[in-house]
Amino acid sequence: MQIGNKLFPYPTLNNVGLRSCFKETTYSFKCSDYSDGKNYILGDAHIELNNHNIIKMIEDGMLGIGLIVECSATVYRKMFEIGIEPRTICIPIGDLRDKVVISCYVYAKRDINNFSDKDFLEEYDGYTFNIEKNDIIAIDDGFSTIIDYDENIDKKVSSIFQVIRDKSTDAMGIEMKTKKIIITLPDQEFNNYNSLRTTDNYQNIIFSMMAIPALQNCLKELQDKINYGESDMDSLEMDYQWFISVKNAYKKQFDVELSEDTFKQIDIVKISQKLLNDGNLNAIKDLFEIATKKNLIGGEDDE
Amino acid sequence: MNKKYISFIKDEALETLYKNSEEVAEKLMTNRNNTDWLKDIYRGEWFEEKKYRINDFELKTDENYSNVDYENSIILYENLKELPRYILTDERFWMWILLTKGYRAALQAMKINSKKTFEQHWLFSESKRRSLFFNVLARCYLRVALSVDDSNNEDPYWLTKFVIEKPERFRTLSWRSSSSEKTIVIGTLKAEKDIIEKYKDIIDVERITYNEGKATIYSEISKQISLYGSVRLIDAASEQDIYNLVYNKMDEMVQKELKK
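In structure tokens, the structure reads:
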């Protein structure tokens, strides 16, 4: 659940200062989230609030604090009552997959007449409001996380590709999906690829013809999204889980994190080759050796 | 009942279905009883076994599928409910069910007329949530899972019957994320049922339409619930809160219709 910049017919408190209708009051949801392998845990979940009037209303049971955990992919949505004192919440990890949104709101547990606060912004000075049961008083849209990455996610970059037969096409196609980059081939070419793919001699050649252009294409698209401010690194990881493998491989190879600033500037053509084991250069070498019959398993010199 | 391990369709096989949906749809139209054609589409291994086991259940078949829809939905729910949600909502799991145990029943439940039917009701080509509620068998499971009334020991499926009798009563609600909270579904269904009962001798409530027939009373009610949830914490609402909201809104809508 996300409120965003929705407007309410009465003053609300928001952890994003500009959206808040209070002068000095601050409100925020705190927790440490982690997994122990069996559960997704929101450790010490609590709110921080510096408004005595609202705190008193919470203590008197007029207001409640609802922590919402929502996972659209698994049709999971549950509210946990928390308080100002920390509470640890455990959710079976099997209930969640992919994107999980955690948010926290203070809400009216019953109708409240003549709600007012000394810290309302000036335009609300002197006004009182009738609040209805379940109306939202304070908003923290929280954060989102990804649960249960694909089991291939930490393996080598080559595992992020999937080559598929597409009988309706007459050219190689490239498509970015959440978990993998899909490369499609026409029927006959797929059959040829299928025959060649298990032979070590042709791995670099196949990489250079298919995987490297596919990776280049996709990384360029993501780089553009970042450069044009259409996305950020967190969102890219959420939307394209294969990008996590790319980040991991980059760090392993260059011993430095692939930060947003770095990603904006890297040479995609070069990095794509490096991440895929210098596939283009090795392919030229392999082709040369094949052409000169020096490295063919089952070739002329093989008995 | 014998137990068997569940499987997922392999990623490569699944992507092959996506990329060749037209040919697959044609195969489904002409092969209603067996899946021998699978090898024509993809020559590798189709499925990979997972560590979870389920009862080796059978779905009923009937050319008039509405005769077995309710029963099959309960069979799916009863035999799958112990699986974790991340399995039960995974496209790869449902594609395994569709291409094995559920094949014949699925083809009876929804006739495949084009690649679009296949893409929308077998594959998860829409958003994840909508795809689940579009999928010809996953939605049967979810209709039960979200409407089973555990507080009614005598007949926990009394609201499920109400849903399957006319899926429109639940469909538009199910597309909205708030309906993942079961309290909202149960409260809504109970109110819908009571209003239909209240006016049964006066007006067919389910025939009331809006927007020149494009919207039903149920899609309007789903909108009203979303509206309520846009400024209130709907997750904090009790079943009674939702019941009152839906009952009062529907009552108001019916009264307006009667005055026309």
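Chains as they are written, first to last, in my numbering: chain A, 1 to 303; chain B, 1001 to 1260.
All residues carry an ideal CB built from backbone N, CA and C; glycine is no exception.
In this text, all values refer to a predicted model and were calculated from it rather than measured experimentally.
Find out if the Cβ-Cβ distance for the pair residue i, residue j is shorter than 8 Å.
i: S272(A); j: L219(A); result: yes
i: I1097(B); j: L1137(B); result: yes
i: S1007(B); j: E1048(B); result: yes
i: Y1065(B); j: I1164(B); result: no
i: Y107(A); j: D140(A); result: no
i: I47(A); j: F29(A); result: yes
i: T1061(B); j: A1105(B); result: yes
i: I212(A); j: G279(A); result: yes
i: T145(A); j: D33(A); result: yes
i: S35(A); j: I93(A); result: yes
i: W1094(B); j: N1135(B); result: yes
i: K1027(B); j: D166(A); result: no
i: Y124(A); j: I91(A); result: no
i: L96(A); j: Y1086(B); result: yes
i: N1072(B); j: L1088(B); result: no
i: Y127(A); j: M176(A); result: no
i: M1(A); j: S103(A); result: yes
i: F190(A); j: L276(A); result: no
i: K1004(B); j: I1054(B); result: yes
i: E386(A); j: G61(A); result: There is simply no residue 386(A) to check, as chain A begins at 1 and stops at 303 in what is shown.
i: V163(A); j: Y202(A); result: no
i: A1191(B); j: Y1141(B); result: no
i: I205(A); j: D267(A); result: no
i: D1241(B); j: G66(A); result: no
i: E1009(B); j: L1099(B); result: Just to set this straight, residue 1009(B) is Ile in the shown sequence, not Glu. Contact: yes.
Report the neighbours of residue i on chain B: residues whose CB is nearer than 8 Å to its CB, in chain order.
i: T199(A); result: Simply none; closest approach about 17 Å.
i: R110(A); result: Neighbours of R110(A) on chain B: none; closest Cβ ~11 Å, over 8 Å.
i: K6(A); result: S1230 and V1231
Give me the chain A residues within the contact set of residue i, using Cβ-Cβ distance strictly less than 7 Å, ordered along the chain.
i: T1016(B); result: I164 and R165
i: A1105(B); result: Going along chain A, no residue has its Cβ under 7 Å from A1105(B), so there is no contact; the nearest lies around 22 Å.
i: E1012(B); result: Q162 and I164
i: R1232(B); result: N134, D135 and I136
i: K1128(B); result: S72 and A73
i: E1023(B); result: K167
Please compile the residues from chain A whose C-beta is within a distance smaller than 8 Å of the C-beta of residue i.
i: L1132(B); result: V75
i: L993(B); result: What the structure shows of chain B is the stretch from 1001 to 1260, and residue 993(B) is not part of that stretch, so it cannot be assessed.
Find the residues of chain B that neighbour residue i, judging by a C-beta separation of less than 9 Å, and give them in chain order.
i: T184(A); result: E1015 and K1019
i: K180(A); result: D1011 and E1015
Can you pull the chain B neighbours of residue i, defined as C-beta to C-beta under 7 Å?
i: L96(A); result: Y1086
i: Y105(A); result: L1233
i: M79(A); result: D1235 and A1236
Comparing the C-beta of residue i with each C-beta of chain E, is any distance below 8 Å?
i: E221(A); result: Absent from the structure: chain E. Protein chains present are A and B.
Closer than 7 Å, Cβ to Cβ, to anything on chain A: give me those residues from the segment 1070–1100 of chain B, in chain order.
-> P1084, R1085, Y1086 and T1089
Contacting positions in the segment 1172–1185 of chain B - beta carbon closer than 8 Å to chain A | S1177, S1178, S1180 and E1181
Assess, as a yes-or-no matter, whether the segment 1160–1171 of chain B is touched by the segment 1189–1196 of chain B under the definition of 3 or more beta carbon pairs within less than 8 Å.
-> yes
Name, going along the chain, the residues of the segment 1035–1065 of chain B whose beta-carbon falls closer than 9 Å to a beta-carbon of chain A.
-> Residues of the segment 1035–1065 of chain B with a Cβ closer than 9 Å to any Cβ of chain A, in chain order: I1041, Y1042, R1043 and G1044.
Could you please tell me which residues of the segment 115–139 of chain A, in chain order, have their CB closer than 9 Å to any CB of chain B?
-> E132, K133, N134, D135 and I136
Where are the alpha helix (DSSP H) runs, 4 residues long or more, that stay fully inside the segment 212–275 of chain A, in chain order?
-> 212–227, 233–239, 242–254, 260–265 and 268–275
Counting only runs of 4+ residues fully inside the segment 162–204 of chain A, write out the alpha helix (DSSP H) ranges in chain order.
-> Fully enclosed alpha helix (DSSP H) runs of 4 or longer: 187–196.
Is the segment 1208–1222 of chain B close to the segment 1154–1164 of chain B, with three or more CB pairs under 8 Å?
-> no
Output the residue ranges of the alpha helix (DSSP H) runs that lie fully inside the segment 1048–1105 of chain B and measure 4 residues or longer, sorted by chain position.
-> The qualifying runs are 1069–1080, 1085–1088 and 1091–1099.
For the segment 41–72 of chain A, enumerate the residues whose C-beta is nearer than 9 Å to any C-beta of chain B, in chain order.
-> G64, G66, I68, E70, C71 and S72
Selection of the segment 1235–1256 of chain B by Cβ proximity to chain A, strictly under 8 Å = D1235, A1236, A1237 and D1241
Hey, is the segment 1171–1189 of chain B in contact with the segment 1224–1244 of chain B, meaning 3+ C-beta pairs nearer than 8 Å?
-> yes
Touch test, the segment 8–28 of chain A against the segment 122–137 of chain A, Cβ-Cβ under 8 Å, three pairs minimum | Short answer: they touch.
Taking Cβ-Cβ distances below 9 Å as the criterion, which residues of the segment 218–242 of chain A are in contact with chain B?
-> none
Within the segment 1116–1185 of chain B, note down every full alpha helix (DSSP H) run reaching 4 residues or more, in order along the chain.
-> The segment 1116–1185 of chain B contains these whole alpha helix (DSSP H) runs: 1128–1134, 1138–1147, 1158–1165 and 1168–1174.
Sufficient close CB pairs (3 or more, under 8 Å) joining the segment 70–87 of chain A to the segment 109–117 of chain A = Too few Cβ pairs lie closer than 8 Å, so no.
With a floor of 4 residues, list each alpha helix (DSSP H) that falls wholly inside the segment 1002–1028 of chain B, ordered by position along the chain.
-> 1011–1019
Okay, do the segment 225–236 of chain A and the segment 252–264 of chain A touch, 3+ Cβ pairs below 8 Å being the bar?
-> yes
Alpha helix (DSSP H) runs wholly inside the segment 18–62 of chain A, at least 4 long, in chain order | 52–59
Along the chain, which unbroken stretches of the beta strand (DSSP E) at least 3 residues long are found entirely within the segment 59–103 of chain A?
-> Segments of the beta strand (DSSP E) lying fully in the segment 59–103 of chain A: 63–71, 76–82 and 87–92.
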